[in-house]
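Enquirer:
Protein chains: 2
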Amino acid sequence: MAHDISGHLAGLARQVELRLPQLLPDLDQRPESVHRAMHYALTSPGKRLRPVLTLAVAEMFGTQVRSVVDLACSVEMVHACSLILDDLPSMDNARLRRGRATVHIEFGEGVAILASFALFNRAFELVAESGHRLALSRYTTEDISHHLATSIGTGGLIGGQALDLESRQEDLDLERLEYIHSHKTGALFIAAGEMGAMAADARRRDLDLVSRFAKNLGLAFQITDDVLDVTGTTEEIGKEAGSDGDKVTFVKLLGVEGSQLLVKELLQFAVDSLAPLGRRADPLRELAAFVEHRSR
Amino acid sequence: MAHDISGHLAGLARQVELRLPQLLPDLDQRPESVHRAMHYALTSPGKRLRPVLTLAVAEMFGTQVRSVVDLACSVEMVHACSLILDDLPSMDNARLRRGRATVHIEFGEGVAILASFALFNRAFELVAESGHRLALSRYTTEDISHHLATSIGTGGLIGGQALDLESRQEDLDLERLEYIHSHKTGALFIAAGEMGAMAADARRRDLDLVSRFAKNLGLAFQITDDVLDVTGTTEEIGKEAGSDGDKVTFVKLLGVEGSQLLVKELLQFAVDSLAPLGRRADPLRELAAFVEHRSR
Numbered sequence: 005m006a007h008d009i010s011g012h013l014a015g016l017a018r019q020v021e022l023r024l025p026q027l028l029p030d031l032d033q034r035p036e037s038v039h040r041a042m043h044y045a046l047t048s049p050g051k052r053l054r055p056v057l058t059l060a061v062a063e064m065f066g067t068q069v070r071s072v073v074d075l076a077c078s079v080e081m082v083h084a085c086s087l088i089l090d091d092l093p094s095m096d097n098a099r100l101r102r103g104r105a106t107v108h109i110e111f112g113e114g115v116a117i118l119a120s121f122a123l124f125n126r127a128f129e130l131v132a133e134s135g136h137r138l139a140l141s142r143y144t145t146e147d148i149s150h151h152l153a154t155s156i157g158t159g160g161l162i163g164g165q166a167l168d169l170e171s172r173q174e175d176l177d178l179e180r181l182e183y184i185h186s187h188k189t190g191a192l193f194i195a196a197g198e199m200g201a202m203a204a205d206a207r208r209r210d211l212d213l214v215s216r217f218a219k220n221l222g223l224a225f226q227i228t229d230d231v232l233d234v235t236g237t238t239e240e241i242g243k244e245a246g247s248d249g250d251k252v253t254f255v256k257l258l259g260v261e262g263s264q265l266l267v268k269e270l271l272q273f274a275v276d277s278l279a280p281l282g283r284r285a286d287p288l289r290e291l292a293a294f295v296e297h298r299s300r
Numbered sequence: 005m006a007h008d009i010s011g012h013l014a015g016l017a018r019q020v021e022l023r024l025p026q027l028l029p030d031l032d033q034r035p036e037s038v039h040r041a042m043h044y045a046l047t048s049p050g051k052r053l054r055p056v057l058t059l060a061v062a063e064m065f066g067t068q069v070r071s072v073v074d075l076a077c078s079v080e081m082v083h084a085c086s087l088i089l090d091d092l093p094s095m096d097n098a099r100l101r102r103g104r105a106t107v108h109i110e111f112g113e114g115v116a117i118l119a120s121f122a123l124f125n126r127a128f129e130l131v132a133e134s135g136h137r138l139a140l141s142r143y144t145t146e147d148i149s150h151h152l153a154t155s156i157g158t159g160g161l162i163g164g165q166a167l168d169l170e171s172r173q174e175d176l177d178l179e180r181l182e183y184i185h186s187h188k189t190g191a192l193f194i195a196a197g198e199m200g201a202m203a204a205d206a207r208r209r210d211l212d213l214v215s216r217f218a219k220n221l222g223l224a225f226q227i228t229d230d231v232l233d234v235t236g237t238t239e240e241i242g243k244e245a246g247s248d249g250d251k252v253t254f255v256k257l258l259g260v261e262g263s264q265l266l267v268k269e270l271l272q273f274a275v276d277s278l279a280p281l282g283r284r285a286d287p288l289r290e291l292a293a294f295v296e297h298r299s300r
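Protein sequences appear in the order of chains A and B.
For the first sequence, this note's numbering gives the first residue as 5, with consecutive numbering after it.
For the second sequence, this note's numbering gives the first residue as 5, with consecutive numbering after it.
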């Protein structure tokens, strides 16, 4: 059964993979440099965990994948945008990401910044286009757009990134590190889950359950990244192993085993919040199992 | 009469000025650095031409300013965001803007980039929030959001900025220069006008007239910038006079007089498109007169 579900989730990821490049402008259209950088950033190999979460949640509440796939892709675009920014010289100054040169290394910094804005902008364009494919009664497309914006703003993803940037020279404690990652990573996971629920016109109560699940899943996922940076090889993790360097990470504060324990705990919280949804939430449980497996 | 109208337009600009800081997060809220940079960028002295255009158009079609002012502010936020980007070391590398240090000089590059994203994001959040204040039958808030995104994308503002960036080392001809500025500047002027018309539920035909007006006004405005860079003092133009340096500008291709002539011509096109709207379009004619006066 778990095998079938994991195959189904892989199928959702493939649908996202197929759809993503179709949603971008043609490569031979002006401005070619920015279009190429957008494709490069978006088709870089990735787990597509956020859009799969959107699709799995929407399916769980009875909506067909094809009416939500563009919305799911919009979440992945915001994520790709945030990775471009994260790697910039003025941020993490990273040269390698997912096994390839980062976008500013490949295309130059100006083009990288424009491509990140263009992906971000395209995400909002897609949300606005999604409305007519959805049968909403509890929410409007504006609500979805607003949710996405709020998760990105200075109270969300940008806020986490900013605190990360401010904290470079400081000794981080666990509270601050959790703040950074629950915003930098967690906020978009929450939006991914909630957008799936809203697109399926789920009840507010169910949306809250999904939100709690996504929040804990996102933070757990971020911690597995820290663990893999220490335990994985460059090949496995697609960036230089140990590249976190002197950055404060969960592993530095809690050790590998302590971090793995925290992942387990967060995923237990995540799965607990699914109880009222019964068996139909099994795909989400499988996502949690995937993240846990990754941390070992 | 013209005096009254120009006083009225100044009043609209003041309403925008008052509203802008209210729409941003508190300065003492995390992440303080990004919030301060957002305020700094947005409260920098400016003509507020784009939001005034939105308000003047909405008023012309019978909508009250107070229900459209946040939408107008969202346009100014996108504009402020584009100025931060334009000044970055990887773009124009400018140190002075509107008489003050540019955002990355004042706050560092990382914070500047995050602030520009946060302003951009806040703009879409505001559009999503505007819906309930508008009585729309021909359009939806999604349409407005979609229009804004399309004007920003690689077929609009970002496309113009990208071609500008690509063209640094090349000899630009007039066609390419017009392409750059009709996208970099013109697209957001069009969106500003169209958003005002949509917010007022204007007929499609009227929206098209506004669109043609805004397109020509925007390009004319950009050319006056080039003229002022040569004829103005640093104090008048708020950046270092002659700072366009070896950039290809309209003045370099057409001379000062040739550029002034083109401005006059474009503004004539702009005003011509208003004819079917009669006297109620007088505030827009006054905007055109303001731009023409600026170029002399």
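Ideal placement from N, C-alpha and C gives every residue a C-beta, glycine not left out.
Computed from a predicted structure; not experimentally measured.
Can you find a CB in chain B that lies within less than 8 Å of the CB of N125 of chain A?
Expert: For this step, residue 125 of chain A is matched to residue 121 along the first sequence. Yes, because at least one Cβ of chain B sits closer than 8 Å to the Cβ of N125 of chain A.
Enquirer: Step through the CB atoms of chain A and report whether any lies within less than 8 Å of the CB of S141 of chain B.
Expert: Here residue 141 of chain B corresponds to residue number 137 of the second sequence, with the count starting at 1. So no, S141 of chain B is outside the interface.
Enquirer: Name the chain B residues whose beta carbon is nearer than 7 Å to that of R34 of chain A?
Expert: On the first sequence, residue 34 of chain A is found 30 positions in, with the first residue counted as 1. What R34 of chain A touches in chain B: G163 and L167.
Enquirer: Along the alpha helix (DSSP H) that carries R284 of chain A, what are the first and last residues, could you check?
Expert: Residue numbering aside, residue 284 of chain A sits at position 280 when the first sequence is read from its first letter. That residue, R284 of chain A, is in no alpha helix (DSSP H); it is neither H nor E in DSSP.
Enquirer: Please list the partners that M81 of chain A has in chain B, where partner means a Cβ-to-Cβ separation under 9 Å.
Expert: Position 77 of the first sequence holds residue 81 of chain A. Those within 9 Å of M81 of chain A in chain B number zero; the least Cβ separation is about 12 Å.
Enquirer: Can you confirm whether the region 26–39 of chain A touches the region 139–155 of chain B when touching is taken to mean that 3 or more C-beta pairs between the two stretches lie within less than 8 Å?
Expert: no
Enquirer: Identify every run of the alpha helix (DSSP H) within the region 89–115 of chain A, keeping only runs that are complete inside it and at least 4 residues long; order them along the chain.
Expert: The qualifying runs are 107–111.
Enquirer: Taking one C-beta from the region 62–72 of chain A and one from the region 34–41 of chain A each time, how about it: are there three or more such pairs within less than 8 Å?
Expert: no
Enquirer: Once DSSP output is grouped into helix, strand and coil, what is the label at E174 of chain B?
Expert: Along the second sequence, read from residue 1 onward, the residue named residue 174 of chain B stands at position 170. Here E174 of chain B sits in coil by DSSP.
Enquirer: Answer yes or no: do F273 of chain A and S263 of chain A have a C-beta to C-beta separation smaller than 8 Å?
Expert: Taking the first residue of the first sequence as 1, we reach residue 273 of chain A at position 269. Taking the first residue of the first sequence as 1, we reach residue 263 of chain A at position 259. In this structure, S263 of chain A does not lie closer than 8 Å to F273 of chain A by Cβ.
Enquirer: Is the shortest distance between the beta-carbon of H150 of chain A and the beta-carbons of chain B less than 8 Å?
Expert: Start at 1 with the first residue of the first sequence, and residue 150 of chain A comes out as number 146. Yes, because at least one Cβ of chain B sits closer than 8 Å to the Cβ of H150 of chain A.
Enquirer: Can you confirm whether the region 123–131 of chain B touches the region 73–80 of chain B when touching is taken to mean that 3 or more C-beta pairs between the two stretches lie within less than 8 Å?
Expert: yes
Enquirer: Leaving out five residues on either side along the sequence, give the residues of the same chain with a beta carbon under 6 Å from the beta carbon of L46 of chain A.
Expert: One-based indexing of the first sequence puts residue 46 of chain A at position 42. Excluding residues within five positions, the ones whose Cβ falls inside 6 Å are L24 and A84.
Enquirer: Along chain B, in chain order, which residues have C-beta atoms closer than 9 Å to that of P25 of chain A?
Expert: The count along the first sequence starts at 1 and reaches residue 25 of chain A at position 21. Neighbours of P25 of chain A on chain B: none; closest Cβ ~15 Å, over 9 Å.
Enquirer: Could you check whether the Cβ of G197 of chain B sits closer than 8 Å to any Cβ belonging to chain A?
Expert: The residue labelled residue 197 of chain B in the question sits at position 193 within the second sequence. Taking Cβ atoms only, chain A never reaches closer than 8 Å to G197 of chain B, which makes this a no.
Enquirer: S277 of chain A: which of A:L257, A:R216, A:T228 and A:F225 sits nearest, CA to CA?
Expert: As a working mapping, residue 277 of chain A is identified with position 273 in the first sequence. Measuring from the Cα of S277 of chain A, the nearest candidate turns out to be A:R216.
Enquirer: Please state whether DSSP places R306 of chain A in a helix, a strand or coil.
Expert: Here chain A covers residues 5 to 300 and nothing more, so residue 306 of chain A does not appear.
Enquirer: Please list, in chain order, all residues of the same chain as E110 of chain B whose beta carbon is under 7 Å from its beta carbon, the five residues on each side excluded.
Expert: Locating residue 110 of chain B in the second sequence gives position 106, where the first residue counts as 1. Cβ neighbours of E110 of chain B beyond the five flanking positions: Y44.
Enquirer: Can you check whether the CB of M81 of chain B is closer than 8 Å to the CB of L13 of chain B?
Expert: By one-based count along the second sequence, residue 13 of chain B stands at place 9. By one-based count along the second sequence, residue 81 of chain B stands at place 77. No, these two residues do not count as a Cβ contact at 8 Å.
Enquirer: If the cut-off is 9 Å on Cβ atoms, which residues from the region 96–114 of chain A count as contacting chain B, listed in chain order?
Expert: H108, G112, E113 and G114
Enquirer: Please work out which residues of its chain come closer than 6 Å, Cβ to Cβ, to P49 of chain A, disregarding the five sequence neighbours upstream and downstream, and give them in chain order.
Expert: Numbered from 1 along the first sequence, position 45 holds the residue referred to as residue 49 of chain A. Cβ neighbours of P49 of chain A beyond the five flanking positions: R102.
Enquirer: Would you call the region 170–178 of chain B and the region 226–238 of chain B touching, i.e. three or more CB-CB distances under 8 Å?
Expert: no
Enquirer: Taking buried to mean at least 16 other C-beta atoms within 10 Å of its own C-beta, is E261 of chain A buried or exposed?
Expert: Position 257 of the first sequence, counted from the start, is the residue given in the question as residue 261 of chain A. With fewer than 16 other Cβ atoms within 10 Å, it is exposed.
Enquirer: Taking only beta-carbon positions, decide if I184 of chain A is within less than 8 Å of chain B.
Expert: On the first sequence, position 180 is the one that residue 184 of chain A refers to. Cβ-Cβ to chain B under 8 Å: no for I184 of chain A.
Enquirer: Could you check which residue in B:L31, B:D96, B:I162 and B:L291 has the C-alpha nearest to that of S120 of chain A?
Expert: Residue 120 of chain A sits at position 116 when you count from the first residue of the first sequence. Looking at the Cα atoms, B:I162 is the closest of the given residues.
Enquirer: Taking the alpha-carbon of L270 of chain A as reference, which of A:S78, A:L257, A:Q226 and A:R284 has the nearest alpha-carbon?
Expert: Numbered from its first residue, the first sequence carries residue 270 of chain A at position 266. Closest by alpha carbon: A:Q226.
Enquirer: So H2 of chain A contacts chain B; which residues on that side make the cut at Cβ distance below 7 Å?
Expert: Outside the shown range of chain A (5 to 300) lies residue 2 of chain A, about which nothing can therefore be said.
Enquirer: Residues in its own chain within less than 8 Å of H151 of chain B by CB, not counting five upstream and five downstream?
Expert: Stepping through the second sequence from its first residue, residue 151 of chain B is reached at position 147. Once the five neighbours on either side are set aside, the close Cβ partners of H151 of chain B are A195, E198, M199 and M202.
Enquirer: Is it the case that the Cβ atoms of L87 of chain A and M95 of chain A are separated by a distance below 8 Å?
Expert: Working through the first sequence from its first residue, we reach residue 87 of chain A at position 83. Working through the first sequence from its first residue, we reach residue 95 of chain A at position 91. Their beta carbons are not under 8 Å apart, which means L87 of chain A does not touch M95 of chain A by this criterion.
Enquirer: Which residues mark the beginning and the end of the alpha helix (DSSP H) in which G159 of chain B is found?
Expert: Residue 159 of chain B sits at position 155 when you count from the first residue of the second sequence. Here G159 of chain B belongs to no alpha helix (DSSP H), and DSSP marks it neither H nor E.
Enquirer: Near G11 of chain B, what residues of its chain come up, given a Cβ to Cβ distance below 8 Å and the 5 sequence neighbours on each side ignored?
Expert: Here residue 11 of chain B corresponds to residue number 7 of the second sequence, with the count starting at 1. Correct list: empty, nothing qualifies.
Enquirer: Can you tell me whether DSSP reads Y183 of chain B as helix, strand or coil?
Expert: Within the second sequence, the letter at position 179 stands for residue 183 of chain B. In the structure shown, Y183 of chain B sits in a helix (DSSP, three-state: H, G or I).
Enquirer: Out of curiosity, what's the CA-to-CA distance linking G160 of chain B and A191 of chain B?
Expert: One-based indexing of the second sequence puts residue 160 of chain B at position 156. One-based indexing of the second sequence puts residue 191 of chain B at position 187. Cα to Cα, G160 of chain B sits roughly 5 Å from A191 of chain B.
Enquirer: At 9 Å on the CB atoms, spell out the chain B contacts of G135 of chain A, in chain order.
Expert: Taking the first sequence and counting its residues from 1, the one referred to as residue 135 of chain A is at position 131. Those within 9 Å of G135 of chain A in chain B are T144 and E146.
Enquirer: So what's P25 of chain B in DSSP terms, helix, strand or just coil?
Expert: The residue you call residue 25 of chain B lines up with position 21 of the second sequence. P25 of chain B: helix per DSSP, three-state reduction.
Enquirer: What is the DSSP secondary structure of D205 of chain A, reduced to helix, strand or coil?
Expert: Counting from 1 along the first sequence, the entry for residue 205 of chain A is found at position 201. In the structure shown, D205 of chain A sits in coil (DSSP, three-state: anything other than H, G, I, E or B).
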